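S.K.: My structure is below; once you've seen it, I'll send some questions.
In mature numbering (1 follows the signal peptide of the UniProt record, and there is no 0), the protein residues as written are -25 to -1, 1 to 159.
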């Protein structure tokens, strides 16, 4: 009788351990799938924005002309440009252009857009990724050269491509995006 109880208790312990392992594995898989979905949304949105970037300069709040494609040295905002192809679902009196900005704030990549390409209210930030560290950008010019900052004499110039590198939760990521249609 004691041997039977011992065998039954060993089987019960093994069953509980197996069940706990399956639950832990399921939780880890759900977390990884959520992180992958967040990354895919970020890459898809940035790819859509950059592929529709336009060589259109804009005016700031003081009326000064600003470059069509801006990068920032500040620790927060890192890209600002005008894109086309913006849907006008409510038939508001506006163009299909939209100025967008990507920022890094407290380890979060956020996307904002402006109501108008030349001034106007700015949207609330949409958080795309979190736990981002060591964000680095490089830009490919018309000559095929890569540079860590985008400087141009013409306000309407766009880079051909953007390389984005960063760390997230101990993993390294590198994304390449084509900009506008000038690469064709």
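Yeah, the Cβ is synthetic: ideal placement off N, Cα and C, and Gly gets one too.
Bear in mind that the values here come from a model prediction, so they are computed numbers and not experimental data.
Going by other Cβ atoms of all chains shown within 10 Å of its Cβ, with 16 needed for buried, is residue 107 buried or exposed?
M.R.: Looking at its Cβ environment, which holds 16 or more other Cβ atoms inside 10 Å, residue 107 is buried.
S.K.: List the endpoints of the continuous beta strand (DSSP E) containing residue 57.
M.R.: That run of the beta strand (DSSP E) goes 52 to 58.
S.K.: Closest to residue 130 by CA distance: which of 65, 41, 19 is it?
M.R.: Comparing Cα-Cα distances from residue 130 to each of 65, 41, 19, the minimum goes to 41.
S.K.: Along the chain, where does the beta strand (DSSP E) containing residue 46 start, and where does it finish?
M.R.: Run containing residue 46: 44 to 46, per the beta strand (DSSP E) assignment.
S.K.: Residue 25 and residue 154 look like a contact to me (Cβ under 8 Å); what is the Cβ gap, rounded to whole Å?
M.R.: Their Cβ separation, rounded to whole angstroms, is 5 Å, which keeps residue 25 and residue 154 in contact under 8 Å.
S.K.: Based on the DSSP secondary-structure assignment, which residues constitute the bridge partners of residue 137?
M.R.: Per DSSP, 114, 152.
S.K.: Looking only at its own chain, which residues have a Cβ that is under 8 Å from the Cβ of residue 18, when we skip the five neighbours before and after it?
M.R.: Closer than 8 Å at Cβ, skipping near neighbours: 150.
S.K.: To the nearest angstrom, report how far apart residue 141 and residue 12 are at their CA atoms.
M.R.: Approximately 17 Å between the Cα atoms of the pair.
S.K.: According to DSSP, is residue 13 helix, strand or coil?
M.R.: The answer is helix: DSSP assigns residue 13 an H, G or I state.
S.K.: Quick one: using the 10 Å Cβ neighbour count with 16 as the cut-off for buried, is residue -18 buried or exposed?
M.R.: Flag for residue -18 reads exposed.
S.K.: Find the nearest neighbour of residue 60 within the set 75, 36, 147, judged by alpha-carbon distance.
M.R.: Looking at the Cα atoms, 75 is the closest of the given residues.
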